[in-house]
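In the numbering used here, the protein residues as written are 777 to 1113.
Put into structure tokens, the structure is as follows:
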């Protein structure tokens, strides 16, 4: 029997508690929900109540954001405690991933994080997000791993699942990264473009755009648009149902775009960091580097870039790869594709 350390199923009542519930990012719901949908495991929401005797193995979403030489005590202590709590049982991470602005092959992982990951790899095959992360872990002597991407992309778990390309979209929904720090010029252009087209907007954080982040005139225009067109979802089902009304989406959020794919809507992934880039490469999702966005181009141009031919051809192979990972780690699946 396997235990999955995930989110509780009951949605909190207040907005603050809802964002706390999803670790300040609603995109985590797609990750969590996909694991619950695909994998046969008991849900564990409190690590202090873990019974190592009851389960043969534990699944965790640990280490999905490995930052450069991150030695924060809270982060470090949590995973040290978690490894100790499960005792000698396998603690299987589903998507270890490095967070870097670019593919930095001199990326440094904090020494105790390396120690914990090495200990975990002695008991199971680590699931990692992409080839870049795998290369960095390999440099640190961690070998027992398999690239599986993000479990959220296996939500349908169907060999026949595919995304149809679109040439002339009639409506569009967009997403953007968290509003934190000054906007780059091309980021401001993307938001102004979306505001002028009056696209719908999916938010995943509670952060707000403020005047110190961009030009005052632009800030007012963007915030007026956001006030009218923003949607936030704490239910995966409601999120998917909302996406059915669109025929094209694009944006900076990996999971925001994944939600569109759940509804069969083609999405263009706008890439800003190694985390998104390596997962898009693995799944063969269509991408656009953020700095290449041009307001002079029509929406049809970006829709044509969202070509899912390679993804559709490759998806059955990725499903088999994920099932192999689960088999090696003795993880039971609820249904076979």
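Glycine residues also receive a C-beta, built at the ideal position from the N, C-alpha and C atoms.
As the structure is a computational prediction, the values presented were derived from the model and not from experiment.
Open item on the list: Would the segment 828-847 count as touching the segment 883-901 if we require 3 or more Cβ pairs under 8 Å?
Closed with: yes
- [ ] Alpha carbon to alpha carbon, how far is residue 967 from residue 986? Give it in angstroms, no decimals.
- [x] As a first step, residue 986 must be located in the chain shown, where it is residue number 210. As a first step, residue 967 must be located in the chain shown, where it is residue number 191. Approximately 14 Å between the Cα atoms of the pair.
Open item on the list: Going by DSSP, what residue range makes up the alpha helix (DSSP H) through residue 1004?
Closed with: As a first step, residue 1004 must be located in the chain shown, where it is residue number 228. Start and end: 992-1005.
Task: Cα-Cα separation, residue 1021 to residue 1003 - done: To locate residue 1021, count along the chain shown from 1; it is residue 245. To locate residue 1003, count along the chain shown from 1; it is residue 227. Each residue's alpha carbon lies about 20 Å from the other.
Task: Per-residue DSSP class, three states only, for residue 833 - done: Within the chain shown, numbered from 1, the residue matching residue 833 stands at position 57. Here residue 833 sits in strand by DSSP.
TODO: Quick one: using the 10 Å Cβ neighbour count with 16 as the cut-off for buried, is residue 1017 buried or exposed?
DONE: On the chain shown, residue 1017 is found 241 positions in, with the first residue counted as 1. With fewer than 16 Cβ atoms within 10 Å of its Cβ, residue 1017 is classed as exposed.
Task: With 16 other Cβ atoms within 10 Å as the buried cut-off, status of residue 934 - done: Along the chain shown, one-based indexing puts residue 934 at 158. Under this definition residue 934 is an exposed residue.
- [ ] Ignoring anything shorter than 4 residues or poking outside the segment 832-879, list the alpha helix (DSSP H) runs there in chain order.
- [x] 849-861
Open item on the list: If you follow the alpha helix (DSSP H) that residue 1068 is in, where does it begin and where does it stop?
Closed with: Translated into positions along the chain shown, residue 1068 becomes position 292. No alpha helix (DSSP H) contains residue 1068, which DSSP labels as neither H nor E.
Task: Selection from 888, 943, 936 and 930 that minimises the alpha carbon distance to residue 916 - done: As a position in the chain shown, residue 916 is number 140, starting the count at 1. Ranking 888, 943, 936 and 930 by Cα distance to residue 916 puts 888 first.
- [ ] Alpha carbon to alpha carbon, how far is residue 1036 from residue 1078? Give it in angstroms, no decimals.
- [x] Working through the chain shown from its first residue, we reach residue 1078 at position 302. Working through the chain shown from its first residue, we reach residue 1036 at position 260. The straight-line gap from Cα to Cα measures roughly 15 Å.
- [ ] Could you round the C-beta distance between residue 904 and residue 921 to whole angstroms and report it? I think they count as a contact, below 8 Å.
- [x] Indexing the chain shown from 1 puts residue 904 at position 128. Indexing the chain shown from 1 puts residue 921 at position 145. The pair is a contact, with the Cβ atoms about 5 Å apart (cut-off 8 Å).
Task: Reduced DSSP category for residue 779 - H, G, I as helix; E, B as strand; rest coil - done: Along the chain shown, read from residue 1 onward, the residue named residue 779 stands at position 3. The answer is strand: DSSP assigns residue 779 an E or B state.
Task: Inter-stretch contact (C-beta, 8 Å, three-pair minimum) for the segment 808-817 and the segment 782-794 - done: yes
Open item on the list: Assuming contact is defined by CB atoms lying nearer than 7 Å, are residue 886 and residue 847 in contact in what I supplied?
Closed with: For the purposes of this step, residue 886 is taken as the residue at position 110 of the chain shown. For the purposes of this step, residue 847 is taken as the residue at position 71 of the chain shown. For residue 886 and residue 847, yes; Cβs fall inside 7 Å.
Open item on the list: Please report the straight-line C-alpha distance between residue 874 and residue 1030, rounded to a whole angstrom.
Closed with: Within the chain shown, the letter at position 98 stands for residue 874. Within the chain shown, the letter at position 254 stands for residue 1030. Roughly 14 Å between the two C-alpha positions.
TODO: Please determine, among 957, 862, 952 and 936, the residue with the shortest C-alpha to C-alpha distance to residue 979.
DONE: Here residue 979 refers to the residue found at position 203 when the chain shown is read from its first residue. Comparing Cα-Cα distances from residue 979 to each of 957, 862, 952 and 936, the minimum goes to 952.
Task: Limits of the alpha helix (DSSP H) - the one that residue 1032 falls within - done: Counting from 1 along the chain shown, the entry for residue 1032 is found at position 256. Start and end: 1030-1038.
Task: Reduced DSSP category for residue 918 - H, G, I as helix; E, B as strand; rest coil - done: Against the chain shown, residue 918 aligns to sequence position 142. Coil at residue 918, not helix or strand.
TODO: With DSSP as the reference, please indicate the residues paired to residue 1047 in a beta bridge.
DONE: Translated into positions along the chain shown, residue 1047 becomes position 271. Answer is 1065.
Open item on the list: Check for me: the beta strand (DSSP E) holding residue 904 runs from which residue to which?
Closed with: Taking the chain shown and counting its residues from 1, one reaches residue 904 at position 128. First-last of the beta strand (DSSP E) with residue 904: 902-904.
Open item on the list: Between residue 1047 and residue 1066, how many whole angstroms is the CB-CB distance? I'm expecting something under 8 Å.
Closed with: Counted from its first residue, the chain shown places residue 1047 at position 271. Counted from its first residue, the chain shown places residue 1066 at position 290. 6 Å between Cβ atoms; contact.
- [ ] Please look up how many angstroms separate the CB atoms of residue 945 and residue 1075, rounded, as I've assumed it's under 8 Å.
- [x] If you number the chain shown from 1, residue 945 lands on position 169. If you number the chain shown from 1, residue 1075 lands on position 299. Yes, residue 945 and residue 1075 are in contact; Cβ-Cβ is about 6 Å, under 8 Å.
Task: residue 1025 - DSSP class collapsed to helix/strand/coil - done: Counting from one through the chain shown, the residue named residue 1025 turns up at place 249. The answer is strand: DSSP assigns residue 1025 an E or B state.
Open item on the list: I believe residue 832 touches residue 794 by the beta-carbon criterion, under 8 Å. Please report the beta-carbon distance rounded to the nearest angstrom.
Closed with: Taking the chain shown and counting its residues from 1, the one referred to as residue 832 is at position 56. Taking the chain shown and counting its residues from 1, the one referred to as residue 794 is at position 18. No, residue 832 and residue 794 are not in contact; Cβ-Cβ is about 33 Å, not under 8 Å.
Task: Rounded distance between the beta-carbons of residue 1045 and residue 802, thought under 8 Å - done: As a working mapping, residue 802 is identified with position 26 in the chain shown. As a working mapping, residue 1045 is identified with position 269 in the chain shown. Rounded, the Cβ-Cβ distance is 18 Å, inconsistent with contact.
Task: Range of the contiguous alpha helix (DSSP H) that encloses residue 988 - done: The residue labelled residue 988 in the question sits at position 212 within the chain shown. Run containing residue 988: none; DSSP gives neither H nor E here.
- [ ] Pull up the distance between the alpha-carbon of residue 912 and that of residue 936, whole angstroms please.
- [x] Locating residue 912 in the chain shown gives position 136, counting from the first residue. Locating residue 936 in the chain shown gives position 160, counting from the first residue. C-alpha separation (whole angstroms): 34 Å.
TODO: Could you tell me which residues DSSP puts in a beta bridge with residue 893?
DONE: For the purposes of this step, residue 893 is taken as the residue at position 117 of the chain shown. Paired residues: none, contrary to the question.
Task: Buried or exposed by the 16-neighbour rule on C-beta atoms within 10 Å, applied to residue 1084 - done: Taking the chain shown and counting its residues from 1, the one referred to as residue 1084 is at position 308. Result: buried.
Open item on the list: If the criterion is Cβ atoms closer than 7 Å, does the pair residue 965 and residue 1052 meet it?
Closed with: Locating residue 965 in the chain shown gives position 189, where the first residue counts as 1. Locating residue 1052 in the chain shown gives position 276, where the first residue counts as 1. The answer is no: Cβ separation not under 7 Å.
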